[in-house]
Amino acid sequence: MAAEVMLMNEIEAKAASMAIDLNIDFNSIQLPRGEDCGIVSDDEDVYHDDQLEFDSGFGNVIVVDNLPVVPLEKFEKLEGVIRKIYSQIGVIKEDGLWMPVDPETKKTLGYCFIEYNTPQEAELAKEKTNGYKLDRAHIFAVNMFDDFDKYMRVPDEWAPPEIKPYTPGENLQKWLTDEKARDQFVIRAGTDTEVLWNDARQSKTELVYKRSYWTESFVQWSPLGTYLATVHRQGAAVWGGANTFNRLMRYAHPQVKLIDFSPGEKFLVTYSSHEPSNPHDANRVVINIFDVRTGKVMRDFKGSADEFTIGGAGGVAGVSWPVFRWGGGKEDKYFAKLGKNMISVYETETFSLIDKKSLKVENVVDFSWSPTDPILALFVPELGGGNQPARVSLVQIPSKVELRQKNLFSVSDCKMYWQSNGEYLAVKADRYTKTKKSTYTGFELFRIKERDIPIEVLELDNKNDKIIAFAWEPKGHRFAVIHGDNPRPDISFYSMKSSHNLGRVSKLTTLKGKQANALFWSPGGRFIVLAGLKGFNGQLEFFNVDELETMATAEHFMATDIEWDPTGRYVATAVTSVHEMENGFNIWSFHGKLLYRILKDHFFQFLWRPRPPSFLSAEKEEEILKYLKKYSKKYDAEDQDVSMLLSEQDREKRRMLKEEWEKWISEWKRASEEEKLERQRLRDGEASDEEEEYEAKEVEVEEILDFSEEVLFEE
């Protein structure tokens, strides 16, 4: 480190003597078109001219048409009116407003050019003022200056489009046909991104694809596992293929920060935020919704960050993410956004508001979609100091008919949890006590599929217990709750069905004093990992909810992430670069056996590749379970072969280690024999290699450690 500091000091001194400024903003450096200084970009094809339209440099200029035509004596007045209107939207550059005058008539030509500091301000000005009515005779028509160049390139004569020969696409689901029925996952560590097979039977990974600098921030699987998305300065891209990962489509969106797929993978939402010229203004937000297959922008939304900050858990620059939430299941029929006193619901056939208007809900603060049906659950808090109670409503889309409503009294906060099949909705309500000095928590449980949607109230045995975590069993009727005080809260399991009454919730068991603060159900239900993350340093308990018994306890020290594979056979625990030490991941069996561990420096991401839903009917799955032994014979034989192979590999490994050890011993024995005469000579002819020939003697040595003289005076 000292050497590096000295070297840096020498460089700085040399730069100062040559008047060179080392404080360089590398993001501000732009090479000339076509120049790469001999360094080919890993994504060079992103910049190909036939795929990208480059800005002409006038992206911050707008053209305002349909202005009044006035003589020179009224020029300043008209210019002042226009400047007043457009300076409210953004900062107009000095000499940035130009209104041409006819040299013959000395009158204005009815249009002007306005140059802003940023393209985002120009875009906003176009959106806000296109169609602005100055008076009855003058309605503004506003366009981007760059659009004129684009329109001028349209040929005068129509020509039929070139018909390209059909080329069959790759099978993007080929990975699902793996003979070993393995799952894939993606990891990011350092500058590398790797897609790997989880070969758990061999207790190792197998590389599928590896690429350096594949993304500039993060990667993300699409919900059904068809695509892997990467994020770049120019936009996002999706990758896939039968045997490797080819770029299938890219989506131009400069400075994109976040992305989100629709559940059925039909659409991709991209988000960017841009700083305004005026520091007092809010950030400018741009959201695009792309068709995943064609790359076409289906709808865009632009505005200040303030327009997108209502509700949600928070994203970038205070904007909640995802801004748009998808409904209607895998069909991707609807998406919705929370606004002030309203929920805007759009349909994807025309990408317009249903009935051309938003759903008006006074003071609504949150909503969530059923995972399977077009039903919205929305929450409105208390108003008027409790005079108007809080409420949860279920609204059918597209009819906007209210299916059910429940008033909630003395509520301070509310969270909604849908079960994955949309059969149940749990509403966690934090209520004030009578003194208003503290709160307690209860649950309102909606049975969505039953007639009239009955609601059941559940309170914990100790209703003052703090709720730490809640999670539904996927595709099941059970749920788990962590409640109590750290460091050892309790964990209770409940069922929406009881042996005596199918319409009553019942408690299955309570596990006392567990070091857990997070719940991770297997995708197939039945099994759950009770995890202690962060302050609990990675405590793991693998629990069988059917048998209500612990299968195993373990620890992955400092674990930050836990994720089940999509089949529910394996669990991955990871330590990401949040911690500086022990970065990497562990793969466990569903019952808590550690299968293998891989360490990776600067480890950022671990994501299992999702699987699409099975095409098998419920009856077919039941039939397979019934005759599982018949089907499993083939795989039992394969497992035995693998086990024998592993045993043989272990024996071979032990044999090689033994041979290596014996070789090392013989080498030292040979060296000892060769040096025997030299040792005898050094010992004056004594041959004393054998230990028993040595004679141990104890020798006492006296040594003066300190000597001092001190004169004592007597009175």
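Residue numbers for the sequence shown follow the UniProt record's numbering, so the first one is 1 and each next one is one higher.
C-beta atoms are modelled at their ideal positions from N, C-alpha and C, and glycine is treated no differently.
Could you name the residues of the same chain whose beta carbon sits closer than 6 Å to that of residue i, not counting the 5 residues immediately before and after it, in chain order?
i	result
G329	T372
S222	F261, E265
K600	A189, N583, G584
K676	none
residue 745	For the chain, the structure presents residues 1 to 715; residue 745 sits outside this window and is missing.
E194	I187, K210
D465	H483, G484
E402	S393, V395
S41	Any answer about S41 is weak, because its pLDDT of 49 lies below 50 and its placement is not dependable; what the coordinates show is given next. Contacts found: none.
T205	L196
D300	N288
V238	Y227, A229, L248, M249
Check whether the Cβ atoms of residue i and residue j lie closer than 8 Å to each other.
i	j	result
V345	L359	yes
W521	P566	no
A125	Y86	yes
residue 758	F409	Missing from the structure shown is residue 758; the chain here goes from 1 to 715 and no further.
F308	I289	no
F351	A336	no
W608	F185	yes
R404	I453	yes
G241	T270	no
G96	S277	no
residue 783	P374	It is not possible to answer for residue 783, since the shown part of the chain is limited to 1 through 715.
L519	L530	yes
M448	Y424	Correcting the residue identity first, residue 448 is Ile in this sequence and not Met. In contact: I448 and Y424 (Cβ atoms closer than 8 Å).
F606	S577	no
K507	H477	no
Please report the residue range of the alpha helix (DSSP H) in which residue i lies.
i	result
Y86	75 to 87
E678	676 to 682
A559	Careful: A559 lies outside any alpha helix (DSSP H) and carries neither H nor E.
R125	Checking the sequence shown, residue 125 turns out to be Ala, not Arg. Where A125 is concerned, the enclosing alpha helix (DSSP H) stretches over 119 to 129.
E622	618 to 626
Along the chain, where does the beta strand (DSSP E) that runs through residue i open and close?
i	result
Y346	342 to 347
Y209	204 to 212
V392	390 to 396
M152	No beta strand (DSSP E) contains M152, which is instead part of the alpha helix (DSSP H) from 145 to 152.
I187	184 to 189
L508	506 to 511
I289	284 to 291
A137	That residue, A137, is in no beta strand (DSSP E); it is neither H nor E in DSSP.
E456	455 to 459
E702	No beta strand (DSSP E) contains E702, which DSSP labels as neither H nor E.
R597	594 to 599
T576	From DSSP, T576 is part of no beta strand (DSSP E); its letter is neither H nor E.
K302	297 to 304
F113	111 to 116
L248	246 to 252
Kindly list the residues whose CB is nearer than 7 Å to the CB of residue i, restricted to its own chain and excluding five residues on each side of it in sequence; keep chain order.
i	result
L7	With a pLDDT of 45 at L7, under the threshold of 50, the predicted position of this residue should be treated as unreliable, though the coordinate-derived value follows. Closer than 7 Å at the Cβ level, and outside the excluded window around L7, lies no residue.
P165	none
L224	E265, P610, P612
V70	L78, K107, T108
N363	N341, V380, P381, L383
Return no unless some Cβ of chain C is closer than 8 Å to the Cβ of residue i.
i	result
K128	This model lacks chain C altogether; it includes just one protein chain.
Could you give the C-beta distance for residue i and residue j, rounded to a whole number, given that I count them as a contact under 8 Å?
i	j	result
I114	V64	6 Å
Q419	W369	Actually they do not touch by this definition, with Cβ atoms about 13 Å apart.
N171	D183	Incorrect: roughly 18 Å between the Cβ atoms, too far for contact.
A559	G592	Actually they do not touch by this definition, with Cβ atoms about 14 Å apart.
G110	L72	The pair is not a contact, with the Cβ atoms about 15 Å apart (cut-off 8 Å).
W321	L258	6 Å
E541	K514	7 Å
Between residue i and the rest of its own chain, which residues show a CB-CB distance below 8 Å, the 5 nearest in sequence each way excluded?
i	result
F615	none
S708	none
E4	Per-residue confidence for E4 stands at a pLDDT of 42, beneath the threshold of 50, marking its modelled position as unreliable; the derived number appears in the next sentence. Counting only Cβ-Cβ distances below 8 Å, and skipping sequence neighbours, we find nothing.
T294	M249
Pull up the DSSP beta-bridge partners for residue i, would you.
i	result
Q539	G532, E555
T350	Answer is none; T350 lacks a bridge partner.
L548	For L548, which the question treats as bridged, DSSP gives no partner whatsoever.
F479	W472, Y494
E104	According to DSSP, E104 bridges with nothing at all.
G584	V575, L599
Taking 7 Å as the line, does the beta carbon of residue i fall inside it for any heavy atom of the ligand MG?
i	result
N246	Looking at this structure, you won't find the ligand MG or any other ligand, since it has none at all.
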